[in-house]
Structure formats: C-alpha cells, structure tokens
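Taken in sequence, the protein lines are chains A and B.
Note that my numbering gives residue 509 to position 103 of the first sequence, counting from 1, and the numbers run on in steps of one.
Note that my numbering gives residue 375 to position 53 of the second sequence, counting from 1, and the numbers run on in steps of one.
Cβ atoms here follow ideal geometry from the backbone N, Cα and C, with glycine treated the same way.
Below: one structure, written as structure tokens.
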Amino acid sequence: KAGVTQTPRYLIKTRGQQVTLSCSPISGHRSVSWYQQTPGQGLQFLFEYFSETQRNKGNFPGRFSGRQFSNSRSEMNVSTLELGDSALYLCASSPLGQGGYGYTFGSGTRLTVV
Amino acid sequence: AQSVTQPDIHITVSEGASLELRCNYSYGATPYLFWYVQSPGQGLQLLLKYFSGDTLVQGIKGFEAEFKRSQSSFNLRKPSVHWSDAAEYFCAGALSGNTPLVFGKGTRLSVIA
Numbered sequence: 407k408a409g410v411t412q413t414p415r416y417l418i419k420t421r422g423q424q425v426t427l428s429c430s431p432i433s434g435h436r437s438v439s440w441y442q443q444t445p446g447q448g449l450q451f452l453f454e455y456f457s458e459t460q461r462n463k464g465n466f467p468g469r470f471s472g473r474q475f476s477n478s479r480s481e482m483n484v485s486t487l488e489l490g491d492s493a494l495y496l497c498a499s500s501p502l503g504q505g506g507y508g509y510t511f512g513s514g515t516r517l518t519v520v
Numbered sequence: 323a324q325s326v327t328q329p330d331i332h333i334t335v336s337e338g339a340s341l342e343l344r345c346n347y348s349y350g351a352t353p354y355l356f357w358y359v360q361s362p363g364q365g366l367q368l369l370l371k372y373f374s375g376d377t378l379v380q381g382i383k384g385f386e387a388e389f390k391r392s393q394s395s396f397n398l399r400k401p402s403v404h405w406s407d408a409a410e411y412f413c414a415g416a417l418s419g420n421t422p423l424v425f426g427k428g429t430r431l432s433v434i435a
C-alpha cells in the first residue's frame, strides 16, 4: 500500500513568487491535512480538506490556500512568498476524520525562499 | 487553550540505557494522545496512540507510553535504547477525531555509545 506522496521534495523560490505543493494521500483516505514545520514554531496546522471541502483552518494569512480534488489529492499554494515561509511542509492523510484518528505523514516538501 | 508541552528540548542517553520522554497536556477533557518520531529530513512516523481504556499503550519499535490523568501526562518509554532511535520525538493531542493534532515542540534524542 503506497504511503502519502508529496512532490516536489525540495524547492527554492524567490521572495514574491508563488509556489504550489502537491500531496497524494493513501488510497482510500479522504482527509488531507497540511502542516508547516519550522525550527522556531515547530509544527503548525495550516488546513484540512475532506471530500473537497475545507473543514478546518489554522491561523495563517490568506496567502496560504489549498484545495482538494475528487480523487482526494490535495495542493497547497503560497502566494507572494516571504523569507519566513521557508519551512518543511508536511501533508498528512487520515481515513475519515482528522488528527484524532491518527495521521499518516508524507516525507514533506522543503521550501527555501531566497 | 489546548496545548501539549514537552519539557525537554534535548536528551542524551547511552545505548542500552532506558529512556523516558516527558509530555504534558492541557485540555478540558481527556484528549486523544499520540507519539510520533521524525528522522532528519523525513516525515513523522506514528509510534503509538491513546484514545481510552488501558492507560499503558504499546507501540512500534519497542516503545510504550503511560497515560496518567492525575498528572496530565503521557510519557514515552523504552527499556533499552538503540543507536537507531536517535531522532526527534513529538507528542501530540487532539480533542476529538475530527480536530487537528496539536504538537509539542519536540524532544531531540541523541544516543551515545
């Protein structure tokens, strides 16, 4: 059974650009959540999608957005990149609910903003 | 506010020694609790989880955790540490199945010979 797949693994972008990250959940998992991981702030919840609908959103500015497709694959987009957006972005999938049921995480996308 | 606290930023243990990583939670009700491990440059792997019932939970890789309501704690233990256990460990909680996980800041484990 394939795990959670995130692409690309590494990205380097320039301040002001935008970026799109992709996540393919485990087959049959309908919930996809996104987390930002930085050394200073740790793991912070961005948002969660279930059946193409955003169910929960963390405390991030509107520059961070996401969506989910009918096959449960999800993308997150960050517009007008700032240096502080440099982080490891982790995607996690769950069969039904969110974290309370336990996530399976992908390996992450390392975003560096220069 | 709901929170999970890991008091130790970094712990060093000798190979073969026992390990205990501390985790405290602050929730209005008993949360769902988890321990995850992260190797450098990788995602998080679930070690074990507690929903209800038996307060001693067994996980993968020889880890176990004990839920103590009176102390609001969910400490992770391993009787004998291997060099391959060196990694970052995260405790996390959620109020219910349909809420996001809230993570502690993590404890970095170093293992020396």
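Practice task
Please list the partners that K371(B) has in chain A, where partner means a Cβ-to-Cβ separation under 7 angstroms.
Solution key: G508
Handout entry: Cβ-based contacts, 9 angstroms cut-off: residues of the stretch 372-403 of chain B near chain A
Key = F373
Practice task
Work out the CA separation of N397(B) and H332(B) for me, nearest whole Å.
Solution key: Computed Cα separation, rounded: 15 angstroms.
Practice task
Kindly indicate if chain B contains any beta-carbon less than 8 angstroms away from that of G448(A).
Solution key: yes
Handout entry: CB of S336(B) within 8 angstroms of CB of S402(B), strictly
Key = no
Practice task
Could you confirm whether any beta carbon from chain B is found closer than 8 angstroms to the beta carbon of N462(A)?
Solution key: yes
Exercise for the section: Would you list, in sequence order, the uninterrupted beta strand (DSSP E) runs of no fewer than 3 residues that lie entirely inside the stretch 411-492 of chain A? Expected result: 411-413, 416-419, 425-430, 437-444, 448-456, 459-463, 470-474, 480-484
Practice task
Could you tell me which residues DSSP pairs with H404(B) in its beta bridges?
Solution key: DSSP lists no partner for H404(B).
Practice task
Go ahead and label K400(B) buried or exposed: buried means 16 or more other beta carbons lie within 10 angstroms of its beta carbon, across all protein chains shown.
Solution key: Result: buried.
Problem - Length of the line joining the Cα atoms of S478(A) and T327(B) - result: 32 angstroms
Problem - DSSP three-state assignment for K427(B), whether helix, strand or coil - result: K427(B) falls in the coil class under three-state DSSP.
Exercise for the section: Just tell me which of F385(B), V424(B), S406(B), Y411(B) has its CA closest to the CA of V433(B). Expected result: Of the listed residues, the one whose Cα sits closest to V433(B) is S406(B).
Handout entry: Beta-carbon neighbours of G514(A), restricted to chain B and to distances below 7 angstroms
Key = G365
Exercise for the section: Just the C-alpha distance for L343(B) and S395(B), rounded to the nearest angstrom, thanks. Expected result: When rounded, the distance between both Cα atoms is 11 angstroms.
Exercise for the section: Can you grab the Cα-Cα spacing for the pair L370(B) / K383(B), in whole Å? Expected result: 10 angstroms
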